[in-house]
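Let me begin by presenting the structure, written as C-alpha cells, before commenting on it.
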Amino acid sequence: MVLRNRTAQSNGVRERAQLPPSLDDLIRAYTQDQRSGSEPYEQVKLEYQRENGKIKDEFYARNIRNTGAVLIQPPGFMAGPRGVRRIRVRYDNAITAGVQPSFEAALWRARALERESGLVLGGRSRKVLTEMIFVIIAYLLGVLDSLKATGNLGAPGDRERIQAALDAVKDELERLDAFRRSAARKASLRWYLVGLPIGGAVIVAMTWSARRLELIGTPPTLMQICLACGGIGAIVSVMVRITRGQNLVIDSEQGHAVTLLAGAFRPLIGAVFGAALYVFMEGGLLPIARPGEADVEGYFFASVAFLAGFSERWAQDTIVRSVPTLPSIGKEGSTPLPQHPRPRPRGSRRRGRGGPGRDETREVFTGDGAARVSAPHSSADEGVPGRTG
1054 MVLRNRTAQS
1064 NGVRERAQLP
1074 PSLDDLIRAY
1084 TQDQRSGSEP
1094 YEQVKLEYQR
1104 ENGKIKDEFY
1114 ARNIRNTGAV
1124 LIQPPGFMAG
1134 PRGVRRIRVR
1144 YDNAITAGVQ
1154 PSFEAALWRA
1164 RALERESGLV
1174 LGGRSRKVLT
1184 EMIFVIIAYL
1194 LGVLDSLKAT
1204 GNLGAPGDRE
1214 RIQAALDAVK
1224 DELERLDAFR
1234 RSAARKASLR
1244 WYLVGLPIGG
1254 AVIVAMTWSA
1264 RRLELIGTPP
1274 TLMQICLACG
1284 GIGAIVSVMV
1294 RITRGQNLVI
1304 DSEQGHAVTL
1314 LAGAFRPLIG
1324 AVFGAALYVF
1334 MEGGLLPIAR
1344 PGEADVEGYF
1354 FASVAFLAGF
1364 SERWAQDTIV
1374 RSVPTLPSIG
1384 KEGSTPLPQH
1394 PRPRPRGSRR
1404 RGRGGPGRDE
1414 TREVFTGDGA
1424 ARVSAPHSSA
1434 DEGVPGRTG
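Read left to right, the sequence shown gives residues 1054 to 1442 (our numbering).
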C-alpha cells in the first residue's frame, strides 16, 4: 500500500502516523499496477475513497508521469441529492504550456467554470455540468497522452491535432457556459417563487392588523380589502408572467437568501401600492371618479388595489401624474417669476412701445446741459402742428 508517513512529536516522543493516500499516490499506484502489478491499486483506491468520497469517474495517463483526474462525490448524506461533485486533477504544467499556450488556457477555463457552477448551481444541473467538465478535462489530457505515445510533442501534425481538439473544446465550453447561465436563472427563479408564500403570510398579518386603523378614522374594512387585493394582484402578476414564458428580471449572481427576500417583497410591494392608492383617493390627490353608491364602493377599491398590485408601473404612473407640479426657476418652459417694475424718477412716465394711443416720454437736452421733459404724445399726433417736441 502506498501510504505517506508523517512524523509527529508529542511530549518529546516521536510517533509515526499514517496519512491517507493522495491523488499522486493513486496515480502512481495505477501506473505501477499497470506496468508490473506490484502495487495493489484497488486497496489504495479504497483508502482514497474512504477519506475523500466515492470516485465516480477517473482518468490516468499511461505515457505522461503523474498525470490524471478523478471525479469524486464527497462523503455525506446530502452530497448525492444536492448533486455535489468535485474534480481532482494532476498534470505537469511544463508539458501542457510547452505544447501550446491555449492548451493550458482551456484547462484553466474548464476548472474556472467548475468553480462558478459550484457557487451558483445545485442539484441535477450542478451534477450534469461538473460531469461534462470532467469529460472535457479527461479529453484534453487524453489527447496529450496519445501524442506523447507517438513521439516527442511539437511536430507539425501534432499541433494540428491539438488545435482541432482545442477548437472542439472551445465550442463545448461555450455551450456549457450558456447552460450554466440558464440553470442559474432557473435556480434563482425557484428561490424567488419560494419567497412568494412568505410575503403572502406577511400580508395576512398586515390585513389582520388593519382592524386597528379605525382608531385614526380610516374604515378598516376598505383598508383590509386594498391590502389583500394588492398582494393578490402582485402574486397573480408573477404567475401570469411565468405561465406565458416571460423572463423575470432576477439577478442570478446574488445569493439565494437575497433572491428569497426579493420574492417575499413582491407581494408586500403590491399590498403597499394598493393601500397607497386608497389613501391618495381618500385624500383627494388622485383624480379618479368614485362611485356614488356605497354598496359598490368596496368593489371599486378592490379593483383599483388589484390593478396597483398587478402592475407596479401603472400604480407609479398614476401616483406621479397626480402630484401637483411646482414652478421651477431658471429653466426654459417653466413658470416665470413675477417681474417687479423698476423705480422711476419722480415726474417721469412709462415709455410707450410705439403703438397707437400709447403715451411716450421724451427728454430734450438744452444747450446748458439741463434736461426737461416734454409733454407726452402718441404716434398718432406726429405731424400735427404744435405737438413737436
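Even glycine gets a Cβ: it sits at the ideal position worked out from N, Cα and C.
Contact with chain B by residue i, beta-carbon distance below 7 Å
i, result
"alanine 1281", "Among the protein chains of the structure shown there is no chain B, as only one such chain exists."
Extent of the continuous alpha helix (DSSP H) run through residue i
i, result
"isoleucine 1288", "1273-1296"
"phenylalanine 1333", "1309-1335"
"phenylalanine 1353", "1350-1363"
"glutamate 1100", "1094-1105"
Span of the beta strand (DSSP E), counted from its first residue to its last, around residue i
i, result
"alanine 1342", "From DSSP, alanine 1342 is part of no beta strand (DSSP E); its letter is neither H nor E."
"alanine 1122", "1121-1126"
"arginine 1139", "1139-1143"
Environment of residue i [buried if 16+ CB atoms lie within 10 Å]
i, result
"serine 1387", "Because the pLDDT of serine 1387 is 45, which lies under 50, any placement of that residue in the model is unreliable, and the number read from its coordinates should be weighed accordingly. By the neighbour-count rule (16 or more Cβ atoms within 10 Å), serine 1387 is not buried but exposed."
"alanine 1355", "buried"
"isoleucine 1186", "buried"
"glutamate 1213", "exposed"
"aspartate 1211", "buried"
"threonine 1203", "exposed"
"leucine 1379", "Residue confidence for leucine 1379 is low, a pLDDT of 41 falling below 50, so the modelled location carries little weight and cannot support an answer."
"isoleucine 1341", "exposed"
"phenylalanine 1130", "exposed"
"isoleucine 1382", "With a pLDDT of 45 at isoleucine 1382, under the threshold of 50, the modelled position of this residue cannot be trusted, and the question is left open."
"leucine 1072", "exposed"
Straight-line Cα distance separating residue j from residue i
i, j, result
"glutamate 1167", "tyrosine 1113", "20 Å"
"leucine 1242", "valine 1291", "11 Å"
"alanine 1254", "proline 1127", "38 Å"
"leucine 1249", "alanine 1317", "5 Å"
"valine 1222", "aspartate 1230", "12 Å"
"leucine 1200", "leucine 1194", "10 Å"
"arginine 1234", "glutamine 1307", "13 Å"
"alanine 1163", "glutamate 1225", "10 Å"
"proline 1389", "valine 1357", "Low confidence applies to proline 1389: its pLDDT is 48, below 50, so where it sits in the model is not reliable, and the reading given next is rough at best. Taking the straight line from one Cα to the other gives about 38 Å."
"arginine 1139", "isoleucine 1215", "26 Å"
"arginine 1118", "lysine 1098", "18 Å"
"glutamate 1095", "arginine 1103", "12 Å"
"glutamate 1227", "alanine 1159", "11 Å"
"glutamate 1100", "lysine 1239", "38 Å"
"alanine 1132", "valine 1181", "14 Å"
"arginine 1115", "aspartate 1198", "7 Å"
"serine 1262", "leucine 1321", "14 Å"
"threonine 1274", "arginine 1294", "30 Å"
"valine 1349", "valine 1137", "57 Å"
"phenylalanine 1359", "glutamate 1169", "40 Å"
"glutamate 1157", "isoleucine 1148", "9 Å"
"isoleucine 1108", "valine 1196", "22 Å"
"leucine 1339", "tyrosine 1331", "9 Å"
"valine 1289", "leucine 1313", "18 Å"
"threonine 1296", "phenylalanine 1232", "22 Å"
"serine 1178", "glycine 1336", "53 Å"
"arginine 1264", "glutamate 1365", "26 Å"
"alanine 1258", "proline 1074", "58 Å"
"glutamine 1153", "leucine 1301", "43 Å"
Cβ pair residue i, residue j closer than 7 Å
i, j, result
"isoleucine 1278", "glycine 1345", "no"
"leucine 1219", "serine 1155", "yes"
"arginine 1135", "glycine 1175", "yes"
"leucine 1280", "alanine 1324", "yes"
"arginine 1141", "leucine 1076", "yes"
"isoleucine 1125", "asparagine 1105", "yes"
"glycine 1362", "alanine 1287", "yes"
"glycine 1283", "glycine 1252", "no"
"histidine 1309", "tryptophan 1367", "no"
"tyrosine 1144", "threonine 1120", "yes"
"alanine 1236", "isoleucine 1190", "no"
Near the ligand COA: residue i beta-carbon under 6 Å from a heavy atom
i, result
"alanine 1258", "As far as ligands go, the structure on display features none, and thus does not contain the ligand COA."
With a floor of 4 residues, list each alpha helix (DSSP H) that falls wholly inside the stretch 1158-1245, ordered by position along the chain. 1176-1203
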